[in-house]
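Residue numbers for the sequence shown follow this note's numbering, so the first one is 549 and each next one is one higher.
Written below as structure tokens is the structure these notes are about.
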Amino acid sequence: MNRRRGWLALAVVLLAVGAGLMWSGQGDEPAPEPLNVEFPRKMRREDWKRAEQRRTQVVQTAVPDAGTKVAEPQRPRDPVLAALPRGKGRSAVVIEANALRYSPIGELLLDCLMRDGGKKMDEFRKISGVDPLQDLDRLVITDKGIVLSGNFGNARFKELLQERVASDYGPGARVYEPGSVIVQLADGGTRRGEDSSSVGLWNDQLLVVGDTPDSVKEVLEQVQGGGSNEPPIISEGSTYGEMYGVLSIEQLARMVPPDQGDLAQRLREVADTVELHMDARSDVAMVAEIRGSDPSKVTDLGKSLGAALSVARIKAQADGNKDMAQLLDFAKVQPDGSEFKLELAVPLDVIKERLAFCRDEQKAVGASEVRP
Numbered sequence: 549m550n551r552r553r554g555w556l557a558l559a560v561v562l563l564a565v566g567a568g569l570m571w572s573g574q575g576d577e578p579a580p581e582p583l584n585v586e587f588p589r590k591m592r593r594e595d596w597k598r599a600e601q602r603r604t605q606v607v608q609t610a611v612p613d614a615g616t617k618v619a620e621p622q623r624p625r626d627p628v629l630a631a632l633p634r635g636k637g638r639s640a641v642v643i644e645a646n647a648l649r650y651s652p653i654g655e656l657l658l659d660c661l662m663r664d665g666g667k668k669m670d671e672f673r674k675i676s677g678v679d680p681l682q683d684l685d686r687l688v689i690t691d692k693g694i695v696l697s698g699n700f701g702n703a704r705f706k707e708l709l710q711e712r713v714a715s716d717y718g719p720g721a722r723v724y725e726p727g728s729v730i731v732q733l734a735d736g737g738t739r740r741g742e743d744s745s746s747v748g749l750w751n752d753q754l755l756v757v758g759d760t761p762d763s764v765k766e767v768l769e770q771v772q773g774g775g776s777n778e779p780p781i782i783s784e785g786s787t788y789g790e791m792y793g794v795l796s797i798e799q800l801a802r803m804v805p806p807d808q809g810d811l812a813q814r815l816r817e818v819a820d821t822v823e824l825h826m827d828a829r830s831d832v833a834m835v836a837e838i839r840g841s842d843p844s845k846v847t848d849l850g851k852s853l854g855a856a857l858s859v860a861r862i863k864a865q866a867d868g869n870k871d872m873a874q875l876l877d878f879a880k881v882q883p884d885g886s887e888f889k890l891e892l893a894v895p896l897d898v899i900k901e902r903l904a905f906c907r908d909e910q911k912a913v914g915a916s917e918v919r920p
């Protein structure tokens, strides 16, 4: 469970990746130009088009009729959404890996991944048969496991997981128990190692990784039309942005620094869920929608957070931290009945500056390889 919290924390940190980088900003640099930031507040036309194209699965539901069972087709659905957790208190963050890959920040992050000239990426392709830059569509991080969607038709799962006990689990689905796997070594070689996680594969489209075989089977059953009747915690109408998701308040409260215990406790008492959306098409913009059942308490919490942001902005200006001051200029709290929205933006130019070392290292590696 601690490892799973780490994955969720990583997703939240990535949502505001520029914010952390700004803490190291130089106070004597000139203030950046004002920005006109577009925040992800609703589904765009391209988001609806993307969602419609992903309705590829039709599930047959058996309905009793005069003692017989007649299969009735349901509306086509997105199998990734079907795989999401269901019920209150659950968490899931979806990273649109393919869309993020071709965004400005995605190009910068790719430079950091390819600092060695792409050697590790090539080794991964050879061993797994999967090209993350071409075959991966979405990465879903939940409180019980990970789901990857894409084209895994060329993946060498049988070779990589051949020491594990495997069993079919419905049409096109297979579950691999914990056991021996092939581990990639730093020198490019391989060895056998033990992995306590379980793996599931569905129709060469979904790869599910969980702590136990039962957690993997639960996901596969949902994808095939079974499981809980509750809707997934992320609806189709909330699949906008390059990253989006829902965190339980308990999960969010655990991520609050220890010295902010009062804030963590107020979150537990007032809020129910937080919905996250990030737009990375240009400048990085994030919206967090925090909801609760008592509108007055939610409004008070939003006002307290807004006041804290104002104090932080004044302090940043007084300390000469212009980068942080500009970040906080875009940080806004907007109360709206039983919820409030926290908005945060990071200028792309600032992220480019902080990640410039990745591209420089990549160029240096390329120059050394062509040097006689």
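For glycine and all other residues, C-beta sits at the position ideal for the given N, C-alpha and C.
Treat the numbers as computed from the prediction; the structure is a model and nothing was measured.
DSSP has GLY758 in a bridge; who is on the other side?
Here residue 758 is taken as the residue at index 210 of the sequence shown, counted from 1. DSSP output for GLY758 lists GLY693, SER746 as bridge partner(s).
Across the segment 789 to 809 and the segment 637 to 649, are there enough close Cβ pairs to call them in contact, namely three or more that are closer than 8 Å?
By the criterion of at least three beta-carbon pairs nearer than 8 Å, the segment 789 to 809 is in contact with the segment 637 to 649.
Compute the beta-carbon to beta-carbon distance between ARG589 and VAL822, rounded to the nearest angstrom, for a pair I have assumed lies under 8 Å.
Stepping through the sequence shown from its first residue, residue 589 is reached at position 41. Stepping through the sequence shown from its first residue, residue 822 is reached at position 274. In fact, because the Cβ distance is near 15 Å, the residues do not count as touching under 8 Å.
Buried or exposed by the 16-neighbour rule on C-beta atoms within 10 Å, applied to ASP871:
For this step, residue 871 is matched to residue 323 along the sequence shown. Around the CB of ASP871, 16 or more other CB atoms lie within 10 Å, so the residue is classed as buried.
Reference GLY701; option with closest CA among LEU754, LEU658, ASP848, ARG625:
What you label residue 701 is simply residue 153 of the sequence shown in a count that begins at 1. Per the Cα distances, LEU754.
Assumed close pair GLU766, GLY775 - CB separation to whole angstroms, cut-off 8 Å:
The count along the sequence shown starts at 1 and reaches residue 766 at position 218. The count along the sequence shown starts at 1 and reaches residue 775 at position 227. With 8 Å as the limit, GLU766 and GLY775 qualify as a contact, their Cβ atoms being about 6 Å apart.
Touch test, the segment 775 to 788 against the segment 704 to 719, Cβ-Cβ under 8 Å, three pairs minimum
The segment 775 to 788, when compared against the segment 704 to 719, does not touch it at the 8 Å Cβ threshold.
For SER715, count neighbouring C-beta atoms within 10 Å of its own C-beta (all shown protein chains included) and say buried if the count is 16 or more, exposed if not.
Along the sequence shown, read from residue 1 onward, the residue named residue 715 stands at position 167. Around the beta carbon of SER715, fewer than 16 other beta carbons lie within 10 angstroms, which makes this residue exposed.
So, for GLN865: in the same chain, excluding its five sequence neighbours on each side, which residues have a beta-carbon less than 7 Å away from its beta-carbon?
As a working mapping, residue 865 is identified with position 317 in the sequence shown. Excluding sequence neighbours, GLN865 sits near ALA873.
Close beta carbons around PRO652, own chain, < 6 Å, minus the five adjacent residues each side
Counting from one through the sequence shown, the residue named residue 652 turns up at place 104. Closer than 6 Å at the Cβ level, and outside the excluded window around PRO652, lie LEU896.
Between the CA atoms of VAL859 and LEU681 - distance to the nearest angstrom:
Taking the first residue of the sequence shown as 1, we reach residue 681 at position 133. Taking the first residue of the sequence shown as 1, we reach residue 859 at position 311. Just so you know, the alpha carbons of LEU681 and VAL859 end up roughly 42 Å apart.
Look at the Cβ atom of ALA828, then the Cβ atom of GLY698, and state whether they are nearer than 8 Å.
Taking the sequence shown and counting its residues from 1, the one referred to as residue 828 is at position 280. Taking the sequence shown and counting its residues from 1, the one referred to as residue 698 is at position 150. ALA828 is not a Cβ neighbour of GLY698, given a cutoff of 8 Å.
Just verifying my parser: in three-state terms, what is the DSSP assignment at SER786?
By 1-based counting over the sequence shown, the position of residue 786 is 238. Reduced to three states, the DSSP call for SER786 is helix.
Verify whether the separation of the beta carbon atoms of MET826 and VAL818 is less than 8 Å.
Position 278 of the sequence shown, counted from the first residue, corresponds to residue 826. Position 270 of the sequence shown, counted from the first residue, corresponds to residue 818. Judged by beta-carbon spacing, VAL818 lies beyond the 8 Å limit of MET826, meaning their Cβ atoms are not closer than that value.
Nearest-angstrom beta carbon gap, VAL628 and VAL688 [assumed within contact, 8 Å]
By one-based count along the sequence shown, residue 688 stands at place 140. By one-based count along the sequence shown, residue 628 stands at place 80. Indeed they touch by this definition, with Cβ atoms about 7 Å apart.
Which residues mark the beginning and the end of the alpha helix (DSSP H) in which MET791 is found?
Your numbering for residue 791 matches position 243 in the sequence shown. It is not in any alpha helix (DSSP H) - MET791 instead sits in the beta strand (DSSP E) that spans 791 to 796.
Measuring CA to CA, which of ALA801, ASP820, PRO806 is closest to ALA537?
Because the chain here runs from 549 to 920, residue 537 falls outside it and cannot be looked at.
MET803 - DSSP class collapsed to helix/strand/coil:
Looking up residue 803 in the sequence shown gives position 255. In the three-state DSSP reduction, MET803 falls in the helix class (H, G or I).
Taking buried to mean at least 16 other C-beta atoms within 10 Å of its own C-beta, is ILE862 buried or exposed?
Here the question's residue 862 lines up with position 314 in the sequence shown. Result: exposed.
In the DSSP output, which residue or residues are listed as bridge partners for GLU891?
The sequence position of residue 891 within the sequence shown is 343, counting from 1. VAL835, LYS880, per the DSSP bridge assignment.
If we call anything under 8 Å between Cβ atoms a contact, is GLU725 one with ASP626?
On the sequence shown, position 177 is the one that residue 725 refers to. On the sequence shown, position 78 is the one that residue 626 refers to. No. Outside cutoff.
Could you tell me the distance, in whole angstroms, from the CA atom of VAL846 to the CA atom of GLN882?
As a first step, residue 846 is located in the sequence shown; it is residue number 298 there, counting from the start. As a first step, residue 882 is located in the sequence shown; it is residue number 334 there, counting from the start. Taking the straight line from one Cα to the other gives about 11 Å.
Close beta carbons around PRO578, own chain, < 6 Å, minus the five adjacent residues each side:
By one-based count along the sequence shown, residue 578 stands at place 30. Its pLDDT being 45, under 50, PRO578 is placed unreliably by the model, and nothing is read from it.
Closest to ILE643 by CA distance: which of ASN869, ARG902, SER841, ASP685 is it?
Position 95 of the sequence shown, counting from 1, holds the residue named residue 643. The residue with the shortest Cα to Cα distance from ILE643 is ASP685.
With a threshold of 8 Å between beta carbons, is ALA801 in contact with chain C?
Protein chains in the displayed structure number just one, and chain C is not present.
Check each candidate in LEU708, THR690, LYS692, LYS667 and name the one with the smallest Cα separation from ILE675.
For this step, residue 675 is matched to residue 127 along the sequence shown. Answer by Cα proximity: LEU708.
Please state if the CB of ILE838 and the CB of GLU887 are separated by a distance shorter than 8 Å.
On the sequence shown, position 339 is the one that residue 887 refers to. On the sequence shown, position 290 is the one that residue 838 refers to. Between GLU887 and ILE838, the gap from beta carbon to beta carbon is short of 8 Å.
Excluding sequence positions up to five away, which residues of its chain have a Cβ less than 6 Å from the Cβ of ALA630?
Numbered from 1 along the sequence shown, position 82 holds the residue referred to as residue 630. If we look at ALA630 and ignore the five residues flanking it on each side, its Cβ neighbours are GLN770, VAL771.
Using a threshold of 8 Å, state whether the C-beta atoms of GLY758 and LYS692 are closer than that.
Here the question's residue 758 lines up with position 210 in the sequence shown. Here the question's residue 692 lines up with position 144 in the sequence shown. Taking 8 Å as the Cβ cut-off, GLY758 and LYS692 qualify as a contacting pair.
8 Å Cβ shell around ARG816 - same chain, five flanking residues per side excluded:
Here residue 816 refers to the residue found at position 268 when the sequence shown is read from its first residue. ILE797, GLU798, ALA801, listed in sequence order.
With H, G and I counted as helix, E and B as strand and the rest as coil, what does DSSP make of VAL842?
As a first step, residue 842 is located in the sequence shown; it is residue number 294 there, counting from the start. Here the sequence assigns Asp to residue 842, which means Val is not the residue at that position. In the three-state scheme derived from DSSP, where H, G and I count as helix and E and B as strand, ASP842 is classed as coil.
Under 6 Å Cβ to Cβ from CYS490, same chain only, skipping five residues before and after it: list those, please.
Any question about residue 490 goes unanswered here, given that the chain covers just 549 to 920.
Which listed residue (THR690, GLY748, ALA703, SER841) has its alpha carbon closest to that of ASP884
By 1-based counting over the sequence shown, the position of residue 884 is 336. Of THR690, GLY748, ALA703, SER841, the residue nearest in Cα terms is SER841.
Just list the residues that DSSP pairs GLN813 with in beta bridges.
The count along the sequence shown starts at 1 and reaches residue 813 at position 265. As far as DSSP is concerned, GLN813 takes part in no beta bridge.
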